[in-house]
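**Q** Take a look at this one; I'll ask things after.
There are 2 protein chains.
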Amino acid sequence: MAQLRIALAQVDTTVGDLDGNAELVSSWTKQALARSAHLVVFGEMTLTGYPAEDLVLRRSFVAASAAALERLAVRLAEEGAGEIAVVVGYLDASPTPAPAVGRPAGEPQNCVAVLWQGRVAARSAKHHLPNYGVFDEFRYFVPGTTFPVFRLHGVDVGLTVCEDLWQEGGPVAVAREVGVGLLLCINGSPYEQGKSYHRDELCARRAREAGATLAYVNLVGGQDELVFDGDSLVVDAGGEVLARAPVFAETLLTVDLDLPEGAGTGVGPETGPDGPVDAGDGTTMAVSRVVLAADPLPAWEPRPATVADRPDPAGELYAAVVTGTRDYVRKNGFRSVALGLSGGIDSALVATIAVDALGPDAVHTVAMPSAHSSQGSLDDAAELARRQRTRHSVVPIEPTVAAFHAALAAAGGLHGLAAENLQARVRGTLLMALSNEHGHLVLTTGNKSELATGFSTLYGDSAGGFAPIKDVSKTNVWALARWRNARAVARGEVPPIPEEIIVKPPSAELAPGQLDSDRLPDYSVLDAVLDDYVSHDLGRAELTAAGHAPETVDRVIRLVDLAEYKRRQNPPGPKVTSKAFGRDRRLPITSRWRERDHSAG
Amino acid sequence: MAQLRIALAQVDTTVGDLDGNAELVSSWTKQALARSAHLVVFGEMTLTGYPAEDLVLRRSFVAASAAALERLAVRLAEEGAGEIAVVVGYLDASPTPAPAVGRPAGEPQNCVAVLWQGRVAARSAKHHLPNYGVFDEFRYFVPGTTFPVFRLHGVDVGLTVCEDLWQEGGPVAVAREVGVGLLLCINGSPYEQGKSYHRDELCARRAREAGATLAYVNLVGGQDELVFDGDSLVVDAGGEVLARAPVFAETLLTVDLDLPEGAGTGVGPETGPDGPVDAGDGTTMAVSRVVLAADPLPAWEPRPATVADRPDPAGELYAAVVTGTRDYVRKNGFRSVALGLSGGIDSALVATIAVDALGPDAVHTVAMPSAHSSQGSLDDAAELARRQRTRHSVVPIEPTVAAFHAALAAAGGLHGLAAENLQARVRGTLLMALSNEHGHLVLTTGNKSELATGFSTLYGDSAGGFAPIKDVSKTNVWALARWRNARAVARGEVPPIPEEIIVKPPSAELAPGQLDSDRLPDYSVLDAVLDDYVSHDLGRAELTAAGHAPETVDRVIRLVDLAEYKRRQNPPGPKVTSKAFGRDRRLPITSRWRERDHSAG
């Protein structure tokens, strides 16, 4: 056996920021060095940020990433980190280009490199490319066909990238075939509710398949609609968790491992096959071997590793939306946000998320009462602002709404929904004016249930730059509000959200006496149907078979189908479920498919 | 040799409208029958419409498509069309499902079927799946591995789908190997400027490779952002064009062909290989053979085929945007449109497109003058409305703008850009109010140059449901206006667009004396840089090497990079270039990549 101290660097990168990301690698490597680690591992495409989308089709970007990696190798050695192996994800062009229709321009690959003694000692590319849900990697990458193994202090270490774990065969099968002591997997695996359990199960299974200890490193932080939760971990060859990092925090997880020594010299025929090896997925892979340091280190007394607790589901979800909001605002160069505070639950929760993400001084809440706003709502909004110390202002909209009505009187005036939407658009215009004048990013306050059913006004309440609870159902909006208040109480603090806001019946207050329940089913009923129809893609017959009332099913799927255009015009927001609107779900606007007409399906 | 009369049905389907699309197949088949055709061929996924995007991941939709195909086969026979072979694209599940992570849920395939005598006589699936530009077919489909050949009146006919022509190897290679007399290719190939030439060249090359006459059938009409141009054609085995359909029109192209007779009985070993055949692309394909009618028909005197002229480039582009606009409005159930008519060239062109697409009674133009609007602009707008007989109205915005300023006076008021944007948002809100009240679809009037550089107001001039000139550069806006006027003059009509609108210097008229040239380079300079930066993905070094001034390059790429969020909030519009904003170009919003900082790339 041979010992290694490995460090998993769970860090928050920014897409396109090659210099800033290189700086992150340098500073976290120094910390790993300070802890006497022999190996430090960063996440998928750390150097470029992930996902870089169509940027990877720019030759100039690919070339800049490859050049940045070379510079980083030299820099690390100059900084005294030449004797720690640094595993880092980056973007490069295929070393064996074969341009053709249907292959991405410039032949980019989702790469992983090992930096050692001032140079790039090994390099390979992701073999399995995900092309479902939020992933489009057949559009972007040429698959890798080589499995790299490097020997470090007597241990053979193999490299894989993210999806290589999720699909059968490929690098994990090759790892078993060639024999490695440690298998590294670098990931850009976005958070979704309940996913961490699947990840644990998967890591355990693949470690057993490979017959090796598996170290899984994930990114952390928000990138547009994705939120990476970290949750990096190490499992032994039997599938037992040895160490786990906390979620939603940058961290360095250091673990002392006792691993099998590699056979032979580390290269050449006595070491093991160099390939081609049958990868068990219809392809063969070459094996590329390199020796960084042949001999095991003198033994030392291992330190116990950390196994971080996971928060409860509501706490995890709340952390995801706070993280997504904070990073979107910060990485886009904004220093403050503005939002309309109606006195309802949605804007109350968004204000609370914003204060937790950015601090109260950065949060500008604006009450914009109309003739239909209740005094209770105004008071509740003011009380929330007072408790959380936001920058609060009140701008009545009645005179402006009246000016619009006067302008259109000759054209016949506005009635019903047109008059309701007008109020929301006046508010949207006011917030955007404040944004343009003062540089705030406008947060929208719509939740997933509203987005699904089109229960919002285009260019009204959906106007803004980021939608923190875009993928949070109304049911979960209440759950998060209660969870956040309970946490405050547990800490002896005043609950941030006044109880009145949580318990009152929801209303858009755009017409006298209006309630959400006038137009939508009860939210607990609605959310259950939405979950099955949207997240699980059930057809009408399956929905009714699952116990949903046929009339509710018909009503809900009609609303959802008709709202596709409106959903597309909404700002991005953190994805937290298995199927969010946006990158996850791409439907035509022009479509006559009516699920209700095809109950046989 | 054996004769066949084939009919290519170039029709306009609607996504999701299984009943309506089946009705189209029935009615065009009757027309083919009336012309005594033996074979009628429809485009890719005719029965479901194309592209159906994530709808294909719904099991209920896949099942409904398969059931609709079976019903259609029976119906055609009942209608007396059982003895004409009907080739039609549809959606089905893979007959050999192999569910796995990374394969689309429900195993959908992009299929083609042959209907004959009341049943589905043959079926296969697209082999090459495009996954670039606007296509995401690895997300949606399982590739086909069978090459179907059916014998019809002595001729062996092979089937391919769209991308099967564009990539090397696959069905075309197999067609040569097994020997067919006629190769059919059914397509959903979207229009872009200059593409028809490539299509001709491709069809000629593949016909020579297959050693067979090639019949290429394309869809026609708009589907969300895509516009299918038709341009169906037949080339002989030497690559000569025998027939061509007109572009942007539903049509039935009938062609009498004299084709080689198939060998053997049409099935069995004496006929030719049944596979597996090396497809020359790293895969093997099975060959599935069926005989519909073994013997050649008695000879007849062939009729000469039509070879339609193509319009000139500007005429083709104009037809594309008119078609895209008409179909988007109609297929989404709108009967009228509204747009702001400023007196500038963009809104003048969009109004003209709308009138050509929908007729003047369906086009509501609204002039919304502010204090900064010139009398000339108002007069020009009124004159255009008069010439084209649109429903024109004038709604001054000054009092409403003043109401906003008053509402925000206590918060410090609005200045500069915030005050400019406010005017655009008041106009957007007025148009949306008219839309909500009267049911018009709002057309936005922004062009590609503005969209690229972010030269527009979110929720202002970009508020609306469809953007007819979203993918048309400002340079081409002028070219289309001149072309449209010239066509009118050639026909002895009054030019629809007053000359003053075409010749005046462009201005947003949001501040006194403002001109576009205050903030943007001259449009001819700007559009040239945009074409190279956006469509060709050149890096900074390549742009300057191509002769663009470095200071212009830096200015333009900075504007483009910063406008990504704004572009995403724009409505869809017809894609007419090789790279449109939207489905074609998917960039992160949160990105620190600055092309100008990496001139070495």
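Those protein sequences? They're chains F and D, same order as listed. Following the UniProt record's numbering, the numbering of the first sequence begins with 1 at its first residue and continues without gaps. Following the UniProt record's numbering, the numbering of the second sequence begins with 1 at its first residue and continues without gaps. Glycine residues also receive a C-beta, built at the ideal position from the N, C-alpha and C atoms. None of these values were measured; they are calculated from a predicted model.
1. So for GLY428 (chain F), helix, strand or coil by DSSP?
2. Mapping the DSSP letters down to three states, classify VAL174 (chain F) as helix, strand or coil.
3. Please identify, using Cβ separations under 7 Å, the residues of the segment 214 to 235 of chain F that lie next to chain D, in order along the chain.
4. Helix, strand or coil for GLY315 (chain D) per DSSP?
5. Taking SER94 (chain F) as the reference, give the member of F:VAL88, F:CYS111, F:GLY80, F:ALA85 with the closest Cα.
6. Judging by CA-CA distance, which residue of F:PRO369, F:VAL401, F:ALA348 is the nearest neighbour of ALA385 (chain F)?
7. So is GLY601 (chain D) in contact with chain F if we call contact Cβ pairs under 7 Å?
8. Could you tell me whether any Cβ in chain D is nearer than 7 Å to the Cβ of ALA382 (chain F)?
9. For THR265 (chain D), which option in D:ALA245, D:ARG289, D:LEU214, D:THR251 has the closest C-alpha, if you only look at C-alpha atoms?
10. Can you name the residues of chain D whose CB is closer than 8 Å to the CB of ASP537 (chain F)?
11. State the start and end residues of the unbroken alpha helix (DSSP H) segment that holds THR29 (chain D).
12. Counting contacts by CB-CB distance shorter than 7 Å, is SER591 (chain F) in contact with chain D?
13. Does chain D have any CB closer than 7 Å to the CB of GLU192 (chain F)?
14. Which two residues bound the contiguous beta strand (DSSP E) that contains ASP229 (chain D)?
15. Return the residues of the segment 424 to 444 of chain D that lie within a Cβ-Cβ distance of less than 9 Å from chain F, sorted by chain order.
16. Among the residues of its own chain, which have a CB less than 6 Å from the CB of TYR328 (chain D), if the five just before and after it don't count?
17. How far does the alpha helix (DSSP H) with GLY376 (chain F) in it extend, from its first residue to its last?
18. Spell out whether any CB of chain F is found under 7 Å from the CB atom of THR400 (chain D).
19. Would you say ASP461 (chain D) lies against chain F (beta-carbon separation less than 7 Å)?
20. Along the chain, where does the alpha helix (DSSP H) containing HIS198 (chain D) start, and where does it finish?
21. If distances are taken between C-alpha atoms only, which option among F:ALA419, F:LEU33, F:SER578, F:ARG592 comes closest to residue 602 (chain F)?
22. Keeping to the same chain, check which residues put their C-beta closer than 6 Å to that of GLY324 (chain D); ignore five residues upstream and five downstream.
23. Specify whether the segment 376 to 393 of chain D and the segment 495 to 510 of chain D touch according to this definition: at least 3 beta carbon pairs, one from each stretch, less than 8 Å apart.
24. With hydrogens ignored, establish whether the beta-carbon of PRO298 (chain F) is closer than 6 Å to any heavy atom of the ligand NAP.
25. Check whether the Cβ atoms of LEU543 (chain F) and VAL553 (chain F) sit closer than 7 Å, and answer yes or no.
26. Within 10 Å of its beta-carbon, does TYR50 (chain D) have 16 or more other beta-carbons around it, so buried, or fewer, so exposed?
27. Using a Cβ-Cβ cut-off of less than 8 Å, give me the residues of the segment 310 to 343 of chain F that come near chain D, in sequence order.
28. Where does ASP518 (chain D) sit, in a helix, a strand or coil, going by DSSP?
29. Closer than 7 Å, CB to CB, is GLY169 (chain F) near chain D or not?
30. With H, G and I counted as helix, E and B as strand and the rest as coil, what does DSSP make of ILE186 (chain D)?
31. Return the first residue and the last residue of the alpha helix (DSSP H) that ILE345 (chain F) is part of.
32. Distance check for LEU242 (chain D) and ASN214 (chain D), CA to CA, integer angstroms please.
33. Report the CB separation of VAL172 (chain D) from GLU209 (chain D) in whole angstroms; it is logged as a contact under 8 Å.
34. Can you have a look at LEU417 (chain F) and say buried or exposed, based on whether 16 or more other CB atoms are within 10 angstroms of its CB?
35. What residues in its chain sit with their C-beta under 8 Å from that of LEU91 (chain D), if we drop five residues either side in the sequence?
36. For ALA407 (chain D), decide whether its Cβ has a neighbour in chain F, counting only Cβ atoms nearer than 7 Å.
**A** For this structure:
1. DSSP places GLY428 (chain F) in helix when its eight states are reduced to three.
2. It is helical.
3. For the segment 214 to 235 of chain F, residues whose beta-carbon sits nearer than 7 Å to a beta-carbon of chain D comprise GLN223, ASP224.
4. Secondary structure of GLY315 (chain D) (DSSP, three-state): helix.
5. The candidate whose alpha carbon is nearest that of SER94 (chain F) is F:CYS111.
6. Closest by alpha carbon: F:ALA348.
7. Low local confidence applies: a pLDDT of 34 at GLY601 (chain D) is under 50, so the model's placement there is unreliable, and no value is given.
8. Not closer than 7 Å to any Cβ of chain D, the Cβ of ALA382 (chain F) fails to qualify, so no.
9. Nearest to THR265 (chain D) by C-alpha distance, out of D:ALA245, D:ARG289, D:LEU214, D:THR251, is D:ARG289.
10. Ordered by position in chain D, the residues that pass the 8 Å Cβ test against ASP537 (chain F) are LEU57, ARG58, ARG59, ALA105.
11. Run containing THR29 (chain D): 18 to 34, per the alpha helix (DSSP H) assignment.
12. Interface flag for SER591 (chain F) against chain D is set, since a Cβ pair is found closer than 7 Å.
13. Not one beta carbon of chain D lies nearer than 7 Å to the beta carbon of GLU192 (chain F).
14. Element bounds for ASP229 (chain D): 226 to 229.
15. Contacts with chain F (Cβ-Cβ distance below 9 Å) from the segment 424 to 444 of chain D involve ARG425, VAL426, GLY428, THR429, LEU430, MET432, ALA433, LEU434, SER435, ASN436, GLU437, HIS438, listed in chain order.
16. Within the same chain, TYR328 (chain D) has close Cβ partners GLY222, PHE466.
17. For GLY376 (chain F), the uninterrupted alpha helix (DSSP H) segment begins and ends at 375 to 388.
18. Judged by the 7 Å Cβ criterion, THR400 (chain D) is in contact with chain F.
19. For ASP461 (chain D), the answer is no, since every Cβ of chain F falls outside 7 Å of its Cβ.
20. Annotation for HIS198 (chain D): the continuous alpha helix (DSSP H) segment containing it runs 195 to 210.
21. The structure shown has nothing for residue 602 (chain F), since chain F only spans 1 to 601.
22. Cβ neighbours of GLY324 (chain D) beyond the five flanking positions: GLY222, VAL227, PRO574.
23. Yes, since at least three Cβ pairs between the segment 376 to 393 of chain D and the segment 495 to 510 of chain D fall closer than 8 Å, the two stretches touch.
24. This structure does not include the ligand NAP; it has no bound ligands of any sort.
25. Closer than 7 Å, so yes.
26. TYR50 (chain D) comes out buried.
27. Under the 8 Å Cβ criterion, the segment 310 to 343 of chain F contributes ASP327, TYR328, LYS331, ASN332.
28. Helix.
29. It does not: the Cβ of GLY169 (chain F) has no partner Cβ on chain D nearer than 7 Å.
30. ILE186 (chain D) falls in the strand class under three-state DSSP.
31. Note, ILE345 (chain F): alpha helix (DSSP H), 345 to 358.
32. Checking the sequence, you will find Leu at residue 214 (chain D) rather than Asn. C-alpha separation (whole angstroms): 10 Å.
33. Contact between VAL172 (chain D) and GLU209 (chain D) holds, since their C-beta atoms are separated by about 5 Å, short of 8 Å.
34. Under this definition LEU417 (chain F) is an exposed residue.
35. Spatial neighbours of LEU91 (chain D) in its own chain (CB-CB distance under 8 Å, excluding positions within 5 residues in sequence) are listed in chain order as MET45, LEU47, THR48, ALA52, VAL56, PHE61, VAL62, SER65, ALA66, PRO108, GLN109, ASN110, CYS111.
36. Yes, ALA407 (chain D) counts as interfacial toward chain F.
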